Structure formats: structure tokens, C-alpha cells
Amino acid sequence: DTAVSQTPKYLVTQMGNDKSIKCEQNLGHDTMYWYKQDSKKFLKIMFSYNNKELIINETVPNRFSPKSPDKAHLNLHINSLELGDSAVYFCASSQSSGSSYEQYFGPGTRLTVT
Amino acid sequence: AQTVTQSQPEMSVQEAETVTLSCTYDTSESNYYLFWYKQPPSRQMILVIRQEAYKQQNATENRFSVNFQKAAKSFSLKISDSQLGDTAMYFCAFMSTGANSKLTFGKGITLSVRP
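Pasting the structure below:
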């Protein structure tokens, strides 16, 4: 009964490839996010979606394309992978209204580009 | 834009003792939320404690408590009776209210609890 799940947990691929990371939440939340944690452990927002609508896009390269087929899913597709894309990517979810506003994180996906 | 500063990169504490992790932030908003997240070696992000800016009372969660000084824009975390399992990175985070809410994190601090 994992609240926020991500697949895969580890991803090793070569430069130039295209890859996807999937995220699902079973908390009934209406907002989902992607964060990137770099090699220095710094966490930064990439995207957020509210009810399948893109709300935040934080100057992320066009090679990154999020897709939200429904409120419970937010996938991240990355084209033409570069060495600098190596990082841990976290999915998170929250409820935009009501008293419970905190964000719940998935386990993270460690992406290594060689 | 909001910024969150954690100036101490790492700290060490003896088991059973108390340690305080510092955090300051900058914002022009009057209503917002503050959080401390823990990231153990497993890399899972775990919410430790949260504070609503409109509440004057400092939040507490068992051994964890905060010292929230709104005027000074300071939000420190106190861990009492430190345990080995508290060894982790700790991130202070700010979140504004509203539809464009997002977490803005500090750089984090590595806490080591010595046996």
C-alpha cells in the first residue's frame, strides 16, 4: 500500500537515449510534482501538475516532458539524455485544498547517464 | 523569490544528547509553510515536522521541535535524545500557499549521531 511509487528505482543508460520514469500516487491527491536532486544533494522543483494541468515549469530543458494521464499519475519522459541529467528524480504529491498540504515523496529514481 | 539557507554543512552529536539545526529563509509573503525533511541513506524523503507561519506556537513531534521566529525568518530544528537512527541529511524547506505552491529547499545538513 505504497503512497507514492516510482518505477524504476534505478536507471542506467547511455547518452542520447530516451527514457521514462513513472510515478503513481494512491493518496487521492490532486497535485503532483517532479523534483531533481543533483550530485551535491540539492533539491529543486522541475514541474507540478494540478488536476492534470501543468502549473509549474521551472526552466527545465525541452528534452524533459512530463505527462499526466490522470490525477494519480505523473510520468517524466527525457529525450536525448546528457551526462548532466544524472541525478535522483523524486515524484511527490499533495492536496491543494484542505488542512493537509504537505508533500509526500516517492522513493526516488537514480538516473545514471554514461 | 524565496530562498532557504542552511549554513552548516554538517554536524555531529553524541547519542542521547540534544542538537539544533539552523535554517533561515527570505520571503515577502505573510502566509506560508515551513518544513524539515529527513533523508537517510535509503534516500527516502521523510517529513519530520511542519509549521504554519500564521501559528505562533512552535510545532513539536515527539523528540523533534522547532523554534520558529517569524520576524527573524528563522526556523531551527531541535532533536532531543538523539538516536543512531537520526543520522541522515536534514533539509529545511519553504512552501508558499496557493495554486503555485512548491517546496524550496535549503542545501541540507548532514547529521551524524555518534554511539
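Protein sequences, first through last, are from chains A and B. Using this note's numbering, you'd call the opening residue of the first sequence number 1 and step up by one each time. Using this note's numbering, you'd call the opening residue of the second sequence number 1 and step up by one each time. Glycine included, every Cβ here is placed at the ideal spot set by N, Cα and C. Note that the coordinates shown come from a computational prediction; the quantities given were computed from them, not determined experimentally.
- Distances from the CA of B:Q8 to each of B:G106, B:V48, B:N31 and B:R114 were compared; the closest alpha carbon is that of B:G106.
- Residue-level contact check: B:Y32 does not touch chain A, since none of the beta carbons of chain A fall below 8 Å from its beta carbon.
- Boundaries of the beta strand (DSSP E) harbouring A:K22: K19 to Q25, taken from the DSSP string.
- Excluding sequence positions up to five before and after A:L111, its CB lies within less than 7 Å of the CB of L11, D85, S86, A87 and Y89, all in the same chain and listed in chain order.
- Between A:L27 and A:Y35 a beta carbon distance of about 17 Å is seen, past the 8 Å cut, so the two are scored as non-contacting.
- Looking at the DSSP output, B:I46 bridges to B:K38.
- Among the CB atoms of chain A, none fall inside 8 Å of the CB of B:N58.
- For A:N57, the enclosing beta strand (DSSP E) covers residues E53 to N57.
- In this structure, DSSP gives A:D70 an extended state, which the three-state scheme calls strand.
- For a cut-off of 8 Å, the C-beta gap from B:M45 to A:F105 is around 4 Å, short enough to register as a contact.
- A contact is defined here as three or more CB-CB pairs under 8 Å, and the segment 60-75 of chain A fails this definition with respect to the segment 17-25 of chain B.
- In the DSSP assignment, A:F42 falls outside any beta strand (DSSP E), carrying neither H nor E.
- A residue is called buried once 16 or more other Cβ atoms fall within 10 Å of its Cβ, and B:A71, having fewer, is exposed.
- In this structure, the alpha-carbon of B:F35 lies about 33 Å from that of A:L81.
- Between A:L11 and chain B, the shortest Cβ-Cβ separation is not below 8 Å.
- Under the Cβ criterion of 8 Å, B:M89 is counted among the residues facing chain A.
- Nearest in C-alpha terms to B:Y54, of all of B:P40, B:P41, B:E29 and B:T60, is B:E29.
- In the three-state DSSP reduction, A:L81 falls in the coil class, being neither helix nor strand.
- Only T31, Y33, Y35, Q37, K40, K41, F42, L43 and K44 from the segment 15-44 of chain A bring a Cβ to less than 9 Å from some Cβ of chain B.
- B:E10: member of the beta strand (DSSP E) spanning E10 to Q14, first to last residue.
- With fewer than 16 other beta carbons inside 10 angstroms of its own, A:L54 counts as exposed.
- In the three-state reduction of the DSSP assignment, B:D86 falls in the helix class.
- Taken atom to atom, the span from the alpha-carbon of B:S76 to that of B:D26 is near 14 Å.
- Residue pairing for A:Y49: DSSP places it in a beta bridge opposite A:M32 and A:L54.
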